[in-house]
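Protein chains: 4
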Amino acid sequence: MTFAAASTRTALPFKVRDLTLAEAGRHQIRLAENEMPGLMALRAEFGGAKPLAGARIMGSLHMTVQTAVLIETLVDLGAQVRWVSCNIFSTQDEAAAAIVVGRDGTADAPNGVPVFAWKGETLEEYWWCTDQAFDWSAEAEESGDTYIGPNMILDDGGDATLLVHKGREFELAGAVPAAAEVDTFEYTVILDLLRRSLEESPHRFTTIAADIRGVSEETTTGVHRLYELAASDALLFPAMNVNDSVTKSKFDNKYGIRHSLPDGLNRATDVLIGGKVAFVVGYGDVGKGAAEALRGQGARVIVSEVDPINALQAAMDGFQVARLESVLDTVDIFVTGTGNQHVITTQHLLGMKHLAIVANVGHFDDEIDIAGLERIEGAVKVEIKPQVHEWRLPTGRSVLVLSEGRLMNLGNATGHPSFVMSNSFTNQVLAQIELWGSPENYPVGVYTLPKILDEKVARLHLDALGVELTVLTPSQAAYIGVPVEGPYKVSHYRY
Amino acid sequence: MTFAAASTRTALPFKVRDLTLAEAGRHQIRLAENEMPGLMALRAEFGGAKPLAGARIMGSLHMTVQTAVLIETLVDLGAQVRWVSCNIFSTQDEAAAAIVVGRDGTADAPNGVPVFAWKGETLEEYWWCTDQAFDWSAEAEESGDTYIGPNMILDDGGDATLLVHKGREFELAGAVPAAAEVDTFEYTVILDLLRRSLEESPHRFTTIAADIRGVSEETTTGVHRLYELAASDALLFPAMNVNDSVTKSKFDNKYGIRHSLPDGLNRATDVLIGGKVAFVVGYGDVGKGAAEALRGQGARVIVSEVDPINALQAAMDGFQVARLESVLDTVDIFVTGTGNQHVITTQHLLGMKHLAIVANVGHFDDEIDIAGLERIEGAVKVEIKPQVHEWRLPTGRSVLVLSEGRLMNLGNATGHPSFVMSNSFTNQVLAQIELWGSPENYPVGVYTLPKILDEKVARLHLDALGVELTVLTPSQAAYIGVPVEGPYKVSHYRY
Amino acid sequence: MTFAAASTRTALPFKVRDLTLAEAGRHQIRLAENEMPGLMALRAEFGGAKPLAGARIMGSLHMTVQTAVLIETLVDLGAQVRWVSCNIFSTQDEAAAAIVVGRDGTADAPNGVPVFAWKGETLEEYWWCTDQAFDWSAEAEESGDTYIGPNMILDDGGDATLLVHKGREFELAGAVPAAAEVDTFEYTVILDLLRRSLEESPHRFTTIAADIRGVSEETTTGVHRLYELAASDALLFPAMNVNDSVTKSKFDNKYGIRHSLPDGLNRATDVLIGGKVAFVVGYGDVGKGAAEALRGQGARVIVSEVDPINALQAAMDGFQVARLESVLDTVDIFVTGTGNQHVITTQHLLGMKHLAIVANVGHFDDEIDIAGLERIEGAVKVEIKPQVHEWRLPTGRSVLVLSEGRLMNLGNATGHPSFVMSNSFTNQVLAQIELWGSPENYPVGVYTLPKILDEKVARLHLDALGVELTVLTPSQAAYIGVPVEGPYKVSHYRY
Amino acid sequence: MTFAAASTRTALPFKVRDLTLAEAGRHQIRLAENEMPGLMALRAEFGGAKPLAGARIMGSLHMTVQTAVLIETLVDLGAQVRWVSCNIFSTQDEAAAAIVVGRDGTADAPNGVPVFAWKGETLEEYWWCTDQAFDWSAEAEESGDTYIGPNMILDDGGDATLLVHKGREFELAGAVPAAAEVDTFEYTVILDLLRRSLEESPHRFTTIAADIRGVSEETTTGVHRLYELAASDALLFPAMNVNDSVTKSKFDNKYGIRHSLPDGLNRATDVLIGGKVAFVVGYGDVGKGAAEALRGQGARVIVSEVDPINALQAAMDGFQVARLESVLDTVDIFVTGTGNQHVITTQHLLGMKHLAIVANVGHFDDEIDIAGLERIEGAVKVEIKPQVHEWRLPTGRSVLVLSEGRLMNLGNATGHPSFVMSNSFTNQVLAQIELWGSPENYPVGVYTLPKILDEKVARLHLDALGVELTVLTPSQAAYIGVPVEGPYKVSHYRY
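Protein chains in written order, with the working numbering: chain L, 1 to 495; chain A, 1 to 495; chain E, 1 to 495; chain Y, 1 to 495.
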């Protein structure tokens, strides 16, 4: 561990050791603000009213420069914040450092936000960090208050939400079960953490859960978990599905990946994309962005799909649609973006061309069966550079695995660019305002933002791109039966 | 009127005068069947069970070669059918003739389906045709039955549905109102028709409405009307919103227009699209298809939008987004696809470049203010060829108006190609089967097809494109919580 | 033969029978002038000076609307003209009629240019027409002069040039050989024509050849023949290679085909291009335009090439590059654009998918082995509509052959659009001016236009597209060592 | 200076201080070899024959991983080599270190090639390095020979060639002139170097020039200088114009930039390219690649051009073509690729949007007037990170200048990827073989490689991309008059 971002509070173990890092982060935050017009507009609109006053937000979301602008927006709107990354590789240390130090703090007297995240955490460290961000005792002590945790969660992938739900479940049961043989190593780590928590503080997560007014969730995967919880009546607090705002899922997933996939491939491998055969597993929004980016660089793109509608879309967009097995040995670059598991199996890995590149942009690291790869007898892992590994296989061929199968656009590049994240994060902030400010509108359940707010997010990003919006005349608005100022579409409209 | 497609029944006034035309139509139908795998698969699956036996379908939908394959599929599934076009310019006379003559009929002994449609109807003729398709007295007489009209409607744009609703409304009121000054000429024609109907048969549409088990509607515009009727409790029978099947709205609207817009431009004008500045009004599915097609031909495309989300999409897709006024005099080709009215005004027309091309692919002819154009003093209309008119304006400049502002992809070309329509029409047939066969599931209201049927439509079109679909493993299906065989997505998924 | 364009002179056999046709043609010529800024600029620049005064131009080039604007430009610059089409299917009858009638003529008193061309000639008619355009006796009689033929040729494909060279060759030999067994039917027709000519006028082509000051040639194929003639010292007069002007070969071949290939496919078949597999034989300029157009419509494009450089370009542009045999049965649409012969053989035709479309845009009709197809036992040719034939093969499958294997963008559509042809034809006119006006600069040989004229052609087309050209500062021009006003590039620059 | 690559010889001042760096470089070289099939094929073909035995090659070309594979190929073919970078920012230190250490050397006993290059040289250091690579006295001493310099140059941009020509010129004149006021600072550095050289060794460059058998030159800019030297009879030895091999100029310039421009933008700024307005100055091969890449990422691209042919191409490819002044304040990203100077002036810089990005991919750093920027009173340069500077302008706005106006694809990224460079460098090696092995074919002058070798370069790169090449039948080859095995095109063919 070469760097540890630190809490601003004295009792916490980490310190910002490198102020240069914080200064570099501050430069980048300033440039990012220029690319995040949505968040800056929210600061301008709500900075006075402080609609998040009283909110104690525990955020679990990639600790990047863009997230730094989000965090400081939340603070400007009145919230208190503690933060962790939601991925062991995704933290940009300079951003973390700058947030800890704060806008006018120093290394010795930081006045920013407690951040528990660094690039390249172990799984134990990762969950330790998450646990730290749930511990608001320092803040409570400082304010003379009695709370022990956050009252709002801002989540990405659902790990924070999972911890509260599992923690409370085991507390109610009075015991944390032993890990089963089929459990992942990561789940073992979680169980260990919760076992310690239960010992130390047997009602901790039950108390926290009762206090939480809501969670806003960023990703497809996290949202999927929330709907499952809701369907089984296990959801403990209202949840705002930020992922399914149009300005999130159709922008972040598609246009973000379009940008950051080739960026990650380039930084990781410097391999020419043009002329190569690329295989994109999944043609959802992520796959669409990936396929467009690779074609835009001159690759020949083949797509696989399980849903016949998406498969037909891919064909109509001019892509070959094939099963991976059919074309395996002609492919140079593999990209997964399904949200499913084992879409690339060890059998696939063993049959690939020498030095084929294997990259995941679909949230979890089990899209590619990395665990299976590790179990192949005779397979040798050679680090080319951080997050780039050559796996020498017993076939005599190698594959290049990026970011160990985790999100390579974060691990090998810097994730989605600021402008895209400005859309997503403007949705996040609006979701936090809604949940915090209007709890009466949101009984326990999973919601999406009202369309007028979704349109507002888009509206806040037009000027920066020089977009001139046409305004309906009153008679045109009447003709199609919508208000002049929106919302303009029925809820099932697909964009 | 150079050709009139005719009923097969003796009492009707029109005859197929030109068997050559019918033979040419039959050739084209045969080729189209090769491009309509969805409909052919339904014939194979349901041709024995005849799920539409007993259905008397009144169809109002562009009478093209593709519609011919639809009609014959409905017949193969057991239905009786009468048909009109839903646009005065969209009929392909050879297709109409072939349908009237039937698969093994002759000009003198046609055994097909009564069709009332020809290319280039007047508005009076158009509504007369629609009225004829509602008159099932000949069929009733033949079968010794007592019905007077259809018991199912298959609609495109809602004109047939409108006539029933308005007819019943005036019958209940006991009188048809006089046309108001602000009414369009077309509405005057409708009122005249309903006035005559009321005189001759004062309960006709009330009787018909009571008999109708449902309508399946093809277009955005027609669906919009249906939701308005439902919202005001005025809807008389259940309606299936075919337009919002993914395999319809995201295929027909987008990929159909991508094909047929440049086709219509080329046939109408032979003007090079490459290098030109094209302006697309509206970036919904139609606008997206239009913009992609024009860019694919090397045009520089500018888009206008009223919805900030769609506007942002256009910008992210690399298009300039501007108000029409801002770039008016730099544009060579104008394309409207909004479903709204007067998106191109007379002021716009007067400010355009000499010989700018003005084309509508957005359903109604008032997207471009043709009525206003006709009122410009000194404006002279010169026919270059059928459906292509040069309007010489008092400014000294001219504009080229295609299809008199109506759907130019139908008026100047042959509409969406068969493969696209196979998707839409497979939805239509499934909708008719659902409404006719399971009325208990559909109380009065507006519905979309179950997602599994939408996926089925896509599935039936994959083989023809050489698409290999990947199959989920049971554990993958369980992981994402869907059945292996689908449906795969939540209802709000946007594709 | 439903229409015959006629000479304006009394002695000639054809008459414009349909003035409506001529009027329709005149409308289209007027619209085309708006799209041919290069030719219109030459009229403005040279209309007074008449640099072609004295030139008697025999033109052999597709008799389309665009060619009509070319012909009238040549006339405005002082030339006398006689014209034929260079393809049996490419004539647009209305354009021919309008040219014959002339700008202010009538059907009875035409005052235009003698044209011998109609859509759908037989090969005998085609060469008869060509022969007629070489017979300037009527003009000589009228002017009291003694010449018998043209003194300039404007050629496309080299048929006119061929006739002069072969005619003179046989006149010198004193006899026309009998056709050999391996000779094509077309060559037999040519030999018969020359045999009759030799009998009637034994020194005719020798005399004409001596009189000809030069030829400007339009196509790759024709230019290839010219270089071969020059290499064997058989070339009889200087030739300007118009094809290799950048503004011709890189515009007409590429951007013209990009436009007119999908246009021809659509008019011929109405088949959706999107989602289909298209195979483009050859990745020269024609193939590049074809591949771009098909991809722009959403097809998946596979390319074949014999030249490794072009093959590598295709791969780098994202296309699969394969031998036809490797993917034969997956392809929906075949397009040839090589200038070579038998790139699609009968074996290929027999192995294609049912109703695969076979189209040639590569000049000669033997790119696809149509002759071989006609010899397949049991193959049946069914006309779907003019220039669209279903060949039912003994395999039980059919293929759709467009324009009988000849140029389908001309046979099934209207050829390259006006703007593209304006570039090519502005080169043609400048070439005629150079050859006619400065014979001292052009001893017998094959030339390309000076680069400054090539740049001039481009320059004349910029305003119409709203292009703002940047002007070098004198110091910038000096820095790169070019005049401020051009030419800007070394001769081997590839654009 | 944090790192200095070192000579392998004892007398030289630099040492590889960091063997880890050399090991990292060796890993990357191994991966690059997989992407450089052309060079690897040459090693296989010529490694035994050693056609470069006796050649002492002084190379001046960006010292990247790809160049490392080139250098080791030259060595495998028998050459002795000394190397410098041709750009102060373009060296990849790990590649330099690996080359110095050699394939089986160690830090203490390096057995590779002397390299004088590191990332981030000053201009004095740069020319000092170049001078070092001309000093072969250590090698001569070792071999007991008498030479003092190289007998072959492999050049990129012409700096090495310049030094020999200028050095000899001043030696003949007996004096080095003082720098004039208008001279650049860099020229002053060169004059100083040559003044010292003249003092120490008055016939040094005259001797070297006489010894040099030829130079192969990589770039447009360098080639331009060579043609100027040849035109003024000042060229001292034969030169092979590698740049104008099709497989170089149409690949490296276009496809290389398509890859490395967005890579550089991303690494430098992390700014979303999608939706932004990008301005590309110049639409040559570099500009074409830049425009395609930016469009492929969803930017709206505007192009400027001085050559009307290229301008027309840009328009036909769908780009707006405008003068920079016309759209200055709407542009987010500026890219120059002209080879000319001051295409972005200080006036332009002062009028740009806040935080507009300014990037050069066109060889010299004076495309953007950086010198002028430095002279603007009140302008402040803030380093965001290495090679990324925010210039705060007196207008209150800032611009982001990448790589100080030098080649940003090298300065901010890692240059063209291996596969592209394999094409260029295979040309380089073939050029060195030609010049060294067949001097009798190349009297002093500037040459391009024979087309058959150009095609060979392409051919060596097809298998790696899965390209199947079609083979002409003998009759097809005869039909178009080419050998079955090529070359296939006339010399003026433009690809």
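All C-beta atoms in this analysis are idealised placements derived from N, C-alpha and C, irrespective of residue type, glycine included.
Query: Selection from A/Ala315, A/Gly298, A/Val286, A/His461 that minimises the alpha carbon distance to Y/Gln297; Result: A/Ala315
Query: C-beta neighbour in chain A for E/Glu169, strict 9 angstroms; Result: no
Query: Residues within the stretch 180-198 of chain Y neighbouring chain E, beta-carbon criterion of under 9 angstroms; Result: none
Query: Contacting residues, own chain, Cβ-Cβ under 6 angstroms from A/Val84 (five flanking each side not counted); Result: Ser60, Phe116, Ala117, Cys129, Thr130, Ala133
Query: Cβ of E/Asn34 within 9 angstroms of any chain Y Cβ; Result: no
Query: Pair within 9 angstroms by beta-carbon distance, A/Met421 and A/Asp159; Result: no
Query: Beta-carbon gap between E/Val101 and E/Pro114 smaller than 9 angstroms; Result: no
Query: Per-residue contacts from A/Tyr283 into chain E (C-beta, under 9 angstroms); Result: What A/Tyr283 touches in chain E: nothing, since even the nearest Cβ is about 18 angstroms away.
Query: Contacts of E/His492 in chain Y (Cβ-Cβ under 8 angstroms); Result: Asp244, Thr448, Ser491, His492
Query: Beta-carbon neighbours of Y/Thr470, restricted to chain E and to distances below 7 angstroms; Result: Ser304, Glu305, Val306, Arg323
Query: Secondary structure, beta strand (DSSP E): runs of 3+ residues fully inside the stretch 318-393 of chain A; Result: 333-336, 356-360, 380-385, 388-392
Query: Beta-bridge pairing of E/Glu217 - partner residues as DSSP gives them; Result: E/Asp155, E/Asn241
Query: Segment contact flag, the stretch 434-454 of chain E with the stretch 264-271 of chain E, C-beta cutoff 8 angstroms, min 3 pairs; Result: no
Query: Contact between the stretch 49-56 of chain A and the stretch 19-35 of chain A (3+ Cβ pairs under 8 angstroms); Result: no
Query: 8 angstroms CB neighbourhood of A/Gly38 in its chain, flanking five on each side removed; Result: Ser422, Asn423, Phe425, Thr426, Val457, Leu460, His461
Query: L/Phe89 - DSSP class collapsed to helix/strand/coil; Result: coil
Query: 9 angstroms Cβ cutoff, A/Ala97 in contact with chain E; Result: no
Query: Coil, strand or helix - Y/Ala79 by DSSP; Result: coil
Query: Strand pairing of E/Ala278, partner residues [DSSP]; Result: E/Val301, E/Ile333
Query: Distance, E/Arg375 Cα to A/Asp285 Cα; Result: 48 angstroms
Query: Cut-off 7 angstroms between Cβ atoms - residues of its own chain near A/Glu440, not counting five sequence neighbours on either side; Result: none
Query: Against chain A: residues of the stretch 289-303 of chain Y by CB proximity under 7 angstroms; Result: Arg295, Gly298, Ala299, Arg300
Query: Simplified DSSP state of Y/Val246, which is helix, strand or coil; Result: helix
Query: Inter-residue spacing [alpha-carbon to alpha-carbon] between Y/Ala359 and L/Tyr187; Result: 47 angstroms
Query: Start and end residues, alpha helix (DSSP H) containing L/Val420; Result: 418-437
Query: First through last residue of the alpha helix (DSSP H) which encompasses E/Ile57; Result: No alpha helix (DSSP H) contains E/Ile57, which is instead part of the beta strand (DSSP E) from 56-60.
Query: Nonlocal neighbours in the same chain, by C-beta distance under 7 angstroms from E/Trp127, ignoring five residues either side; Result: Val189, Ile190, Leu193
Query: Proximity below 9 angstroms, CB of E/Thr448 to CB of E/Gly339; Result: no
Query: Interface flag, A/Ser418 vs chain E, CB-CB below 9 angstroms; Result: yes
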